[in-house]
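Engineer:
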Amino acid sequence: MGAYTAAHANPQGAGDARPTALEIIRDEGAEGKLRGKVIVITGASSGIGLETARALSATGATLFLTARNLNMAETALAGIVGAGRLSLVEMDNNSFASIRAAAATILKKSNNQVNILINNAGVMGLPDLKLTEDGQEVHFATNYLSGFLLFQLLKPALLASATPDFHSRVVNVSSSAHRAGSLPESDNYNFEKGGYNHGLAYANSKVASTYLANEIDRRYGSEGLHATSLHPGGIGTNISRHLGPEFVQYIMANEYMVKILKSPEQGAATTVLAAIGKEWGTKGGKYLEDCEEAQRGKDDNDTFGAGYVSQTYDPKNEERLWKDSLKIVGFSNDK
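Just so we're aligned: the sequence shown equals residues 25 to 359 in the working numbering.
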């Protein structure tokens, strides 16, 4: 039983007794304790990304926050952190070139120091199959490939920044939707064989995000670089904007769904715990939910179900995805 198990036992809707991200910071005694550390957060200008940035600013760390629209990001993030500790970096998660440029900017401005990478940016519900400029299905590109490529580009800095007293971390915001997904075959990541469905595309991309964290920890945990994935909870943010008002009406008409919904501040709590929580300072390779490691759930393909399932951990497919992804993003080094 974890420190927050009781608080999650009987949810009563957004704003209930479940912890917020800032409460996690305080409970961990992390206020002002990460001065001199560098944290990179993708998709930090809205939703739980914004609340993640807001909470982590209290640690005193230097934050690099990526956003596609810098003007919108500047408005959303105004006043969160003091001058000199926040840098906005333009990055389009649907463009390998943009991700490479953003990584170069981060490394230059941080003097090649990165202690924590949080892959938070996401998209869901695109009704029709859409490919990026690099030929990748948008859910797969935004929710997984962008994080994979950014990690590869920042990996040397993450490894070099790790010390015995402060290991480096990667945090991937996945979803309970991965419970209804699977890893496609190597020749079908972009629905080349047809059968596109936005729910399946989203679920599969979140399986990939979870696998990335597992594989990172397997490969680099012994070098002081750990990774976790997590389900933030059901949160009413603009990520569901493509699903239309009918989806919101469906959720709000379901008593169970209304009770399990979290506020954005609560939705960022598990991310923040994975990023700075003492428990995850020297270990990883696990899928978290509700501010603790997920327990074994039922293999029921329930998008809103609890617990990890058979496809959450799969070393063989994790390695296959890693190797396929290196080819997709144009990396030849498999170290």
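Using N, Cα and C, we set each Cβ at its ideal position, and we do this for glycine too.
Could you please give the first and the last residue of the uninterrupted alpha helix (DSSP H) stretch that includes tyrosine 235?
Structural biologist: Here residue 235 refers to the residue found at position 211 when the sequence shown is read from its first residue. Looking at the DSSP string, the run of the alpha helix (DSSP H) that includes tyrosine 235 is 222-244.
Engineer: Identify every residue that forms a DSSP beta bridge with glutamate 317.
Structural biologist: Here the question's residue 317 lines up with position 293 in the sequence shown. Its beta-bridge partners are Leu312.
Engineer: So what's arginine 50 in DSSP terms, helix, strand or just coil?
Structural biologist: Position 26 of the sequence shown holds residue 50. Three-state result, arginine 50: helix.
Engineer: Pick out whichever of Tyr280, Leu224, Asn135, Tyr220 has its Cα sitting closest to the Cα of proline 182.
Structural biologist: Numbered from 1 along the sequence shown, position 158 holds the residue referred to as residue 182. The sequence given here places leucine at residue 182; proline does not occur at that position. It is Asn135.
Engineer: Relative to the alpha-carbon of glycine 245, which residue among Tyr235, Gly308, His163 has its alpha-carbon at the smallest distance?
Structural biologist: Counting from 1 along the sequence shown, the entry for residue 245 is found at position 221. Closest option to glycine 245, Cα to Cα, is Gly308.
Engineer: Just verifying my parser: in three-state terms, what is the DSSP assignment at asparagine 118?
Structural biologist: For the purposes of this step, residue 118 is identified with residue 94 of the sequence shown, where counting begins at 1. DSSP places asparagine 118 in coil when its eight states are reduced to three.
Engineer: So leucine 173 is in the alpha helix (DSSP H); what residue range does that whole segment cover?
Structural biologist: Taking the first residue of the sequence shown as position 1, residue 173 is located at position 149. Run containing leucine 173: 170-185, per the alpha helix (DSSP H) assignment.
Engineer: Using C-beta distances below 7 Å, list every residue in its chain close to proline 35, excluding the 5 sequence neighbours before and after it, in chain order.
Structural biologist: Here residue 35 refers to the residue found at position 11 of the sequence shown. Closer than 7 Å at Cβ, skipping near neighbours: Arg42, Lys283, Ile284.
Engineer: So the beta strand (DSSP E) alanine 91 belongs to, where does it begin and stop?
Structural biologist: Reading the sequence shown from its first residue, position 67 is the one you call residue 91. Its beta strand (DSSP E) spans residues 86-91.
Engineer: Alpha carbon to alpha carbon, what distance is there between tyrosine 337 and glutamate 316?
Structural biologist: Stepping through the sequence shown from its first residue, residue 316 is reached at position 292. Stepping through the sequence shown from its first residue, residue 337 is reached at position 313. Each residue's alpha carbon lies about 17 Å from the other.
Engineer: Helix, strand or coil for alanine 251 per DSSP?
Structural biologist: Here the question's residue 251 lines up with position 227 in the sequence shown. For alanine 251, the secondary structure class from DSSP, reduced to helix, strand or coil, is strand.
Engineer: Nearest to tyrosine 28 by alpha carbon, out of Glu313, Asn357, Gln160?
Structural biologist: Locating residue 28 in the sequence shown gives position 4, counting from the first residue. The shortest Cα separation from tyrosine 28 among Glu313, Asn357, Gln160 belongs to Glu313.
Engineer: With a Cβ-Cβ cutoff of 8 Å, do alanine 292 and threonine 76 count as a contact?
Structural biologist: One-based indexing of the sequence shown puts residue 292 at position 268. One-based indexing of the sequence shown puts residue 76 at position 52. Cβ distance < 8 Å, so alanine 292 and threonine 76 count as in contact.
Engineer: With a threshold of 16 other CB atoms inside 10 Å of the CB of histidine 266, please say whether the residue is buried or exposed.
Structural biologist: For this step, residue 266 is matched to residue 242 along the sequence shown. Only weak support is given to the placement of histidine 266: the predicted model assigns it a pLDDT of 47, under 50, and the value that follows is read from those uncertain coordinates. By the Cβ neighbour-count rule, histidine 266 is exposed, with fewer than 16 other Cβ atoms within 10 Å of its own.
Engineer: Do the region 160-173 and the region 128-147 touch if we need at least three Cβ pairs shorter than 8 Å?
Structural biologist: yes
Engineer: According to DSSP, simplified to helix, strand and coil, what is isoleucine 259?
Structural biologist: Indexing the sequence shown from 1 puts residue 259 at position 235. Note: isoleucine 259 maps to strand in three-state DSSP.
Engineer: Compute the Euclidean distance between the alpha carbons of glycine 39 and serine 356, then round it to the nearest angstrom.
Structural biologist: Locating residue 39 in the sequence shown gives position 15, counting from the first residue. Locating residue 356 in the sequence shown gives position 332, counting from the first residue. The C-alpha of serine 356 is placed about 47 Å away from the C-alpha of glycine 39.
Engineer: Using a Cβ-Cβ cut-off of 8 Å (strictly less than) and excluding sequence neighbours within five positions of lysine 302, which residues of its own chain qualify?
Structural biologist: As a first step, residue 302 is located in the sequence shown; it is residue number 278 there, counting from the start. These residues qualify, in order along the chain: Glu52.
Engineer: Whose CA, out of Gly71, Thr83, Asn139, lies closest to the CA of alanine 251?
Structural biologist: Taking the first residue of the sequence shown as 1, we reach residue 251 at position 227. It is Asn139.
Engineer: Can you tell me whether glycine 73 is buried or exposed, with buried defined as 16 or more other CB within 10 angstroms of its CB?
Structural biologist: Looking up residue 73 in the sequence shown gives position 49. Looking at its Cβ environment, which holds 16 or more other Cβ atoms inside 10 Å, glycine 73 is buried.
Engineer: Among the candidates Tyr213, Ile240, Ala330, whose CA atom is the shortest distance from the CA of aspartate 281?
Structural biologist: Numbered from its first residue, the sequence shown carries residue 281 at position 257. It is worth fixing the name first, because residue 281 is methionine in this sequence and not aspartate. Residue Ala330 is the option with its Cα nearest to methionine 281.
Engineer: Taking buried to mean at least 16 other C-beta atoms within 10 Å of its own C-beta, is asparagine 214 buried or exposed?
Structural biologist: In the sequence shown, residue 214 corresponds to position 190, counting from 1. Counting Cβ neighbours within 10 Å, asparagine 214 comes out buried, since at least 16 surround it.
Engineer: Which of helix, strand or coil does DSSP assign to isoleucine 374?
Structural biologist: Residue 374 lies beyond the residue range present for the chain, which begins at 25 and ends at 359; the question has no answer from this structure.
Engineer: Using the three-state DSSP reduction, which class does histidine 266 fall into: helix, strand or coil?
Structural biologist: The count along the sequence shown starts at 1 and reaches residue 266 at position 242. Bear in mind that the predicted position of histidine 266 carries a pLDDT of just 47, short of 50, making it unreliable; the figure below should be weighed with that in mind. Histidine 266: helix per DSSP, three-state reduction.
Engineer: Tell me, to the nearest whole angstrom, how far the beta carbon of arginine 78 is from that of methionine 115; I am working on the premise that it is less than 8 Å.
Structural biologist: Start at 1 with the first residue of the sequence shown, and residue 78 comes out as number 54. Start at 1 with the first residue of the sequence shown, and residue 115 comes out as number 91. With 8 Å as the limit, arginine 78 and methionine 115 do not qualify as a contact, their Cβ atoms being about 19 Å apart.
Engineer: Give me, in chain order, the residues of the same chain whose beta-carbon lies closer than 7 Å to that of tyrosine 332; leave out the 5 immediate sequence neighbours on both sides.
Structural biologist: Translated into the one-based positions of the sequence shown, residue 332 becomes position 308. Closer than 7 Å at Cβ, skipping near neighbours: Tyr311, Ala318, Arg320, Gly321.
Engineer: Over the uninterrupted beta strand (DSSP E) stretch that includes asparagine 196, give me the two end residues.
Structural biologist: Numbered from 1 along the sequence shown, position 172 holds the residue referred to as residue 196. Run containing asparagine 196: 192-197, per the beta strand (DSSP E) assignment.
Engineer: Leaving aside the five residues before and after leucine 207 along the sequence, list all residues of the same chain whose C-beta is less than 8 Å from its C-beta, in chain order.
Structural biologist: As a position in the sequence shown, residue 207 is number 183, starting the count at 1. Taken in chain order, the residues that qualify are Asn228, Val231, Ala232, Tyr235, Gln335, Asp338, Asn341, Arg344, Leu345.
Engineer: According to the Cβ coordinates, are valine 353 and leucine 178 closer than 8 Å?
Structural biologist: By one-based count along the sequence shown, residue 353 stands at place 329. By one-based count along the sequence shown, residue 178 stands at place 154. Against a cut-off of 8 Å, the Cβ pair of leucine 178 and valine 353 comes out as no contact.
Engineer: What do you reckon, are the CB atoms on leucine 112 and alanine 97 nearer than 8 Å?
Structural biologist: By one-based count along the sequence shown, residue 112 stands at place 88. By one-based count along the sequence shown, residue 97 stands at place 73. With a cutoff of 8 Å on beta-carbon distance, leucine 112 and alanine 97 are scored as near each other.
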